[in-house]
Amino acid sequence: MRDAQRFGALPWLALSVLVILLDQLTKLYFQANLSLYQQVPVIPDILSWTLAYNPGAAFSFLADHSGWQRWFFAGIAAVVSVVLVVWLKRLRNDTWTAIALALILGGALGNLYDRLVLGHVIDFILVHWRQEWYYPAFNLADSAITVGAVMLALDMFRKKKPEEAHG
């Protein structure tokens, strides 16, 4: 892969924009084609498409509050996004970390858009086991954030200092 310094943050911001576009297009599609909480099996008993609105954070955290959480989570996403852009701009020669940050940034901005414009995040991916267990619905932005976070965590183990690795 190309070295992360060659073009600065621009290619990585393009990846973030791609994540935002895919996230928003899929949300528009499912909002136009499904009724609220309707389930369409993709892999029976395991994966379904659905339409859910989440005014809270991950796992609907604070979803049942009066609306202040919309601005609270939007503020957090905005601050995190600025930090990620600065981090990307300063990053040197680390393609793996740049991709991870770009995925997190794209996911954060995709969900931030929903929060600011709609007042809630649109979720449409439902993982479950038969009708017995359900993982909270999520979307492509959430997936990008998760993949980016896992990449950053793996990177921490990959970059152990030599004295830590041998000690």
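If you read the sequence shown in our numbering, its first letter stands for residue 151, the second for the next number, and so on.
Glycine included, C-beta positions come from ideal geometry on N, C-alpha and C.
Could you tell me if the beta carbon of residue i falls within a distance shorter than 6 Å of some heavy atom in the ligand COA?
| i | result |
| --- | --- |
| residue 281 | Looking at this structure, you won't find the ligand COA or any other ligand, since it has none at all. |
What span of residues does the beta strand (DSSP E) with residue i cover, start to end?
| i | result |
| --- | --- |
| residue 275 | 271 to 279 |
Does DSSP put residue i in a helix, a strand or coil?
| i | result |
| --- | --- |
| residue 183 | helix |
| residue 215 | Only weak support is given to the placement of residue 215: the predicted model assigns it a pLDDT of 47, under 50, and the question is left unresolved by the model. |
| residue 197 | strand |
| residue 191 | strand |
| residue 263 | helix |
| residue 202 | strand |
Going by C-alpha to C-alpha distance, which of the options sits closest to residue i?
| i | options | result |
| --- | --- | --- |
| residue 184 | 171, 200, 174 | 200 |
| residue 162 | 253, 290, 268 | 253 |
| residue 277 | 195, 261, 182, 164 | 195 |
| residue 227 | 190, 262, 177 | 262 |
| residue 180 | 287, 296, 304 | 287 |
| residue 257 | 291, 305, 205 | 291 |
| residue 293 | 279, 304, 255 | 255 |
| residue 234 | 168, 298, 284 | 298 |
Rounded to whole angstroms, what is the Cα-Cα separation between residue i and residue j?
| i | j | result |
| --- | --- | --- |
| residue 302 | residue 281 | 34 Å |
| residue 239 | residue 188 | 42 Å |
| residue 236 | residue 251 | 10 Å |
| residue 307 | residue 300 | 11 Å |
| residue 186 | residue 203 | 8 Å |
| residue 241 | residue 176 | 31 Å |
| residue 221 | residue 170 | 20 Å |
| residue 197 | residue 191 | 6 Å |
| residue 279 | residue 243 | 42 Å |
Could you spell out the range, first to last residue, of the alpha helix (DSSP H) harbouring residue i?
| i | result |
| --- | --- |
| residue 308 | 290 to 308 |
Our contact map puts residue i next to residue j with C-beta atoms below 8 Å; I'd like the distance itself, whole angstroms only.
| i | j | result |
| --- | --- | --- |
| residue 275 | residue 264 | About 15 Å; that fails the 8 Å criterion. |
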